[in-house]
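In the numbering used here, the protein residues as written are 25 to 313.
And the structure:
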């Protein structure tokens, strides 16, 4: 019996709601991946509520968790590392050190960097120093990066309005030549009415993946999408198909949340869960929304 694909997922955790690992962990596990979840912050909820409890993990505590992961040999076992939101500069630097060590010890490891730093509307919601670590240390190590247009604009100093803008931004990033950039949530000058796109750029060229633009926007959507991409890759999907599967299932989760009147992404919808189990067995395609 072969072991399932193994993921180290380093990002936020909340008591209530679904962002960070609280959004990405369940889909990856339901698809049959084994996941070691390491929190960078532990909050009571997302910051859009009237109160927020919890905090970023103290550096010495976070360092201790990473050391425990090393002692269990997790970097050598891992097929993927996924990183997302980071709440302090010290932790950001330790994440970068850990990813570098893991990639050095495990050449088959694929690193997915979701540079969670801001969005249109709220703007930059991490200190610039943390965003700088993502730009200068994490993204250059990434095999796959998943910024949204705001993050891509901040990282490169270029507004994202056209396909040429995306290609220029890809060239401006310090990504490895073989890395793939997944630009998420794009509405370009030639995007179809009522749609948004995920645009994939890599050594093989460029592909565009349009999907319906929903009226609902919820915290954790990007974290869920990144986790679903990793789930698809872990179950053997090629990257364009993993993107399309992630789009389909993210849309399903958002539609279900809207139907319930929920202010959070909802992961309990039966067809959503069945699709993840089917992805894990390879016996069925995920349903269309």
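Just so you know, even glycine gets a beta-carbon here, dropped at the ideal spot from N, CA and C.
| Check | Outcome |
| --- | --- |
| Given residue 50, which residues of its chain have a CB within under 6 Å of its CB, disregarding the five upstream and five downstream residues? | 291 |
| Which residue spans inside the region 84 to 171 form an unbroken beta strand (DSSP E) run of at least 3? | 104 to 107 and 134 to 137 |
| Helix, strand or coil: how does DSSP classify residue 25 here? | coil |
| For residue 58 and residue 218, what's the separation of their Cα atoms in angstroms? | 37 Å |
| Under 6 Å Cβ to Cβ from residue 227, same chain only, skipping five residues before and after it: list those, please. | 202 |
| Enumerate in chain order the residues of its own chain whose CB-to-CB distance from residue 209 is below 6 Å, with the five nearest sequence positions on each side excluded. | 172 and 220 |
| Could you compute how far the alpha carbon of residue 293 sits from the alpha carbon of residue 40? | 17 Å |
| Buried or exposed: where does residue 225 fall if 16 or more other Cβ atoms within 10 Å of its Cβ makes it buried? | buried |
| Ignoring anything shorter than 4 residues, give me the alpha helix (DSSP H) runs that lie fully in the region 180 to 223, in order along the chain. | 187 to 196 |
| Can you list the beta strand (DSSP E) stretches of 3 or more residues lying completely in the region 243 to 280, in chain order? | none |
| With residue 248 and residue 257 assumed to form a contact (beta carbons below 8 Å), what rounded beta-carbon distance in angstroms separates them? | Actually they are not in contact, since the Cβ atoms of residue 248 and residue 257 sit about 15 Å apart, beyond 8 Å. |
| Which same chain residues, not among the five before or five after residue 78, have their C-beta less than 6 Å away from its C-beta? | 66, 67 and 68 |
| Can residue 197 and residue 205 be called in contact, C-beta distance under 8 Å? | yes |
| Count the other CB atoms, across all protein chains shown, that sit within 10 Å of the CB of residue 284; report buried if there are 16 or more and exposed otherwise. | exposed |
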